[in-house]
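Residue numbers (UniProt numbering): 1 to 95. Glycine is no exception: its CB is placed at the ideal position from the N, C-alpha and C atoms. Since the structure is predicted, the reported quantities are computational estimates derived from the model, not experimental observations.
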């Protein structure tokens, strides 16, 4: 085994290696989800839940009300679409 063949592909010294052929890769699948607002009932349930959670855990909502609104709507959307109020910061992909 030569020095060149032992180092190729190891990332140690790629400048000695001959270029590898480019392998065609399929494009990642993109899902487009309709922008549907969560139901008013779910938003209200998540608002009450969030307020109760904040009181019990001695935490506070963000000073910027728009941030709080987006989080509560995200919880309500996941409740409607996934059946559970998962954190809106988590990306959930269908199985």
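Contact between residue 78 and residue 86 holds: their C-beta atoms lie close to 5 Å from each other, under 8 Å.
In the three-state scheme derived from DSSP, where H, G and I count as helix and E and B as strand, residue 51 is classed as helix. Annotation: the continuous alpha helix (DSSP H) that includes residue 76 extends over 65-82.
In this structure, residue 68 sits away from residue 60, with a CB-CB distance that is not shorter than 7 Å. Nearest Cα to residue 49 within the set 63, 82 and 71: 71. Judged by beta-carbon spacing, residue 38 lies beyond the 7 Å limit of residue 84, meaning their Cβ atoms are not closer than that value.
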